[in-house]
Amino acid sequence: MKIVVTGLGATTPLGGDVKSTWDALLAGKSGISTLEQPWVAQYEIPVTFAGQAKVPASEVLTLQECKRLDPSSQFALIAAREAWADAGAPEVEPERLAVEFSTGIGGVWTLLDAFDTLKERGPRRVLPMTVPMLMPNGPAAAIGMDLAARGGVRTSVSACASSTEAIANAITRLQSGEIDIVVAGGCEAAIHPLPISAFAAMHATSRRNNEPELASRPYDVARDGFVMGEGGGAMVLETEEHAIARGAKIYAYLVGGAVTSDAYHITAPDPEGSGAARAVLAALKQADAGIEDVVHINAHATSTPVGDIAEYTALKRVFGDHLGNIAISATKASTGHLLGGAGAIEAVFTVLALKERTAPPTINLDNQDPAIPLDVVTSPRKLPEGPILAISNSFGFGGHNAVVAFRSYE
Amino acid sequence: MALSKDEVLAGLAELVNEETGLATESVQMDKSFSDDLDIDSISMMTIVVNAEDKFGVKIPDEEVSNLVTVADAVNYIADNQ
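Sequence order for the protein chains is A and B.
Using the working numbering, read the first sequence as starting at 5 and increasing by one per residue.
Using the working numbering, read the second sequence as starting at 8 and increasing by one per residue.
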């Protein structure tokens, strides 16, 4: 059974939809800026910038939707609706429509706002919608309700690998024969003083407060941590048979998805990269592809000193000398790191790279780390004609590795 | 100074509109919150808590189940200001 991508959706620090995001990405724009919220000064937050959604959800959704959905679910709904419309709003039996939609953290704004309300105004003022708004399956459930998906709505949570894992899970759902369409992806809305402080406390994030747009710089010698972003990405996945039968436009094949785990350290990547390498190999095996078929990789590449090297080590183990022939894009340089939403928007970028035959640029690479001799794309680069394959990697705290593989649609 | 019932109705209609998006004109005295206005129990609790703030009244939880129609709520608020 072949699986195809028929719809894309996104709301990111670069743009409120797929087209504006992709255009800004190709133009080498940065979505990172200084946070103007009063709590930055109030709490003396050590990191004063992030990749905030370019278009606030309140400009897209109704007031009632915003009141009843955590910001993470708001991004999810915006991305999923765009993907669904892009797919032509397919007619499908509700029982054969499923959702696989992730978040890394869930409704952190709702949870912490509610605790503030409890402390300041007492339990009676805690909103009755607090529980459904904070639960991590809230975004998936909101999409499922909106699209009337009755074939199962699931949320896999694996930190920053979450939404790549969601897309990988969609393959299993479709291959079961019980489902015709899966809406898959992920979201995050964690630009809140607590997560920012917590990531800063573990020295995971960049502190380049004076030059926020230069702070996310994967593979550069001066990289000093990741930059938090927010938003969501979604794709409509369906069997090729179903897509052709309804005359859908097709972006690409989804040919592989794999998940492995390191069992090495709760936050540090395995320096040998074995788990990540196994994930890449498993995705390629499922794709029935060889390493030489891969022409493009959207790398996890968060701009942390250790993580970027660990991923390189894993890729070198898998691809050997062929690695030098692969166009590598580290798009977090532009978007920041959307945590549980990162894999989703990067999968969207990977599909577009195949469809448009263009690998997007990696900005801020002024002085490439000699320990990471990858062929990094720094301005939009033409990809070869003919059948080509690309992968997108995501890794998460907990030792999670997830990889998805897409092939061009001829 | 205590608000008139018309003023309470107008204020309550604003709260219903904020919570549900229903037009304020649809919030009329003879309407049932659940059967006519399709307001679920979660929205009802949000409206009740907001009404307590807006009108400076206390509406005990055990009283909420007696507020079936808009008139029930308006009368309760007007009588307990």
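No residue lacks a Cβ here, since even glycine has one placed at the ideal position from N, Cα and C.
Small disclaimer: the values here were computed from a predicted structure and weren't measured.
- Counting of Cβ neighbours within 10 angstroms places L67/A among the exposed residues, the total staying below 16.
- Unbroken alpha helix (DSSP H) stretches of 4 residues or longer found wholly inside the stretch 330-363 of chain A: 336-339, 346-360, given in chain order.
- Note that the stretch 64-82 of chain A touches the stretch 24-38 of chain B; at least 3 beta-carbon pairs, one per stretch, sit closer than 8 Å.
- Using a Cβ-Cβ cut-off of 7 Å, T27/B is close to Q68 of chain A, given in chain order.
- The alpha-carbon separation between P75/A and R85/A amounts to approximately 15 Å.
- Rounded to whole angstroms, the Cβ separation of V380/A and L369/A is 6 Å, and the two are in contact under 8 Å.
- G400/A and R154/A have their C-alpha atoms some 29 Å from each other.
- The beta carbons of H341/A and T306/A sit closer together than 8 Å.
- A Cβ of chain A is located within less than 8 Å of the beta carbon of T53/B.
- By the CB criterion at 8 Å, I82/A and T10/A fall outside the cutoff.
- Excluding sequence positions up to five before and after D21/A, its CB lies within less than 6 Å of the CB of E86, all in the same chain and listed in chain order.
- Put simply, the CB of R128/A is near chain B, with a gap under 8 Å to one of its CB atoms.
- Around the beta-carbon of E242/A, 16 or more other beta-carbon atoms lie within 10 Å, marking it buried.
- DSSP, read as helix, strand or coil, puts R227/A in coil.
- The three-state secondary structure of H300/A, taken from DSSP, is strand.
- Taking the CA atoms as reference points, P140/A sits about 21 Å from P60/A.
- Annotation: the continuous alpha helix (DSSP H) that includes G311/A extends over 309-323.
- The beta-carbon separation of Y413/A and Y255/A, rounded to 7 Å, stays under the 8 Å limit for a contact.
- Residue-level contact check: I49/B touches chain A, since one or more beta carbons of chain A fall below 8 Å from its beta carbon.
- With fewer than 16 other CB atoms across the displayed protein chains lying within 10 angstroms of its CB, H207/A is exposed.
- Put simply, the CB of V23/B is far from chain A, with every gap to its CB atoms at 8 Å or more.
- The beta carbon of A204/A is closer than 8 Å to those of I49, P50, V51, R211 in its chain, skipping five residues each way along the sequence.
- Contact residues of the stretch 115-147 of chain A toward chain B are R128, R129, L131, P132, M133 (C-beta to C-beta distance below 7 Å).
- At least one C-beta of chain A is nearer than 8 Å to the C-beta of V56/B.
- When the Cα atoms are used, G311/A and S162/A turn out to be separated by approximately 17 Å.
- In the DSSP assignment, L369/A falls outside any beta strand (DSSP E), carrying neither H nor E.
- In this structure, F105/A sits near V187/A, with a CB-CB distance shorter than 8 Å.
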